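In our numbering, the protein residues as written are 1034 to 1149.
Idealized CB from N, CA, C, for every residue including glycine.
None of the values given here were measured: they were computed from a predicted structure.
Okay, structure first, notes after.
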């Protein structure tokens, strides 16, 4: 995921890089639909908000620890001849959107989210 977004960022000069893609996938596919309703159900809103804010920084910390300069070069050598990174990026984004929809539907079904 990270490398596909990095290649797309370099080729097309977009704002979407690997770190941003990991953050968006983490936020919209995991944290918001699963974490937020659980936090607000079992903790007060102040504690839940603080925990969610801390969890928002996990992808950035992961990228800093995982993708060092040596690791980036190793990934470039391994995936250097990748064809059609835009198609792979589109698949990743569509899968993240599908996971978000399924998670939100599951939270409604299980009763963690209610219509107001």
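### Task
Find the nearest neighbour of residue 1125 within the set 1054, 1078 and 1045, judged by alpha-carbon distance.
Comparing Cα-Cα distances from residue 1125 to each of 1054, 1078 and 1045, the minimum goes to 1054.
### Query
Going by alpha carbons, who is nearest to residue 1135 out of 1095, 1110, 1121 and 1065?
Of the candidates 1095, 1110, 1121 and 1065, the one whose C-alpha sits nearest the C-alpha of residue 1135 is 1065.
### Query
Taking residue 1050 as the reference, which of 1035, 1103, 1087 and 1062 has the closest Cα?
Residue 1035 is the option with its Cα nearest to residue 1050.
### Query
On the three-state DSSP scale, how would you describe residue 1130?
DSSP places residue 1130 in helix when its eight states are reduced to three.
### Task
Indicate the three-state DSSP secondary structure (helix, strand or coil) for residue 1136 in the structure shown.
Residue state, collapsed to three classes: helix.
### Message
Rounding to the nearest angstrom, what Cα-Cα distance links residue 1102 and residue 1120 in this structure?
### Response
Using only the alpha carbons, I get a separation of about 26 Å.
### Query
Exposed or buried, which one is residue 1140 when buried takes at least 16 other CB atoms within 10 Å?
By the neighbour-count rule (16 or more Cβ atoms within 10 Å), residue 1140 is buried.
### Query
What is the DSSP secondary structure of residue 1051, reduced to helix, strand or coil?
If DSSP states are grouped into helix, strand and coil, residue 1051 belongs with the helices.
#### Entry: Chain-order list of residues whose beta-carbon lies under 7 Å from that of residue 1037 (same chain, five-residue window excluded)
The beta carbon of residue 1037 sits closer than 7 Å to those of 1118, 1121, 1122 and 1125, all from its chain and outside the five residues before and after it, given in chain order.
### Task
Specify the secondary structure class of residue 1069 as computed by DSSP and reduced to three states.
Assignment of residue 1069 by DSSP, reduced to helix, strand and coil, places it in the helix class.
### Task
Please list, in chain order, all residues of the same chain as residue 1062 whose beta carbon is under 6 Å from its beta carbon, the five residues on each side excluded.
Excluding residues within five positions, the ones whose Cβ falls inside 6 Å are 1129, 1132 and 1133.
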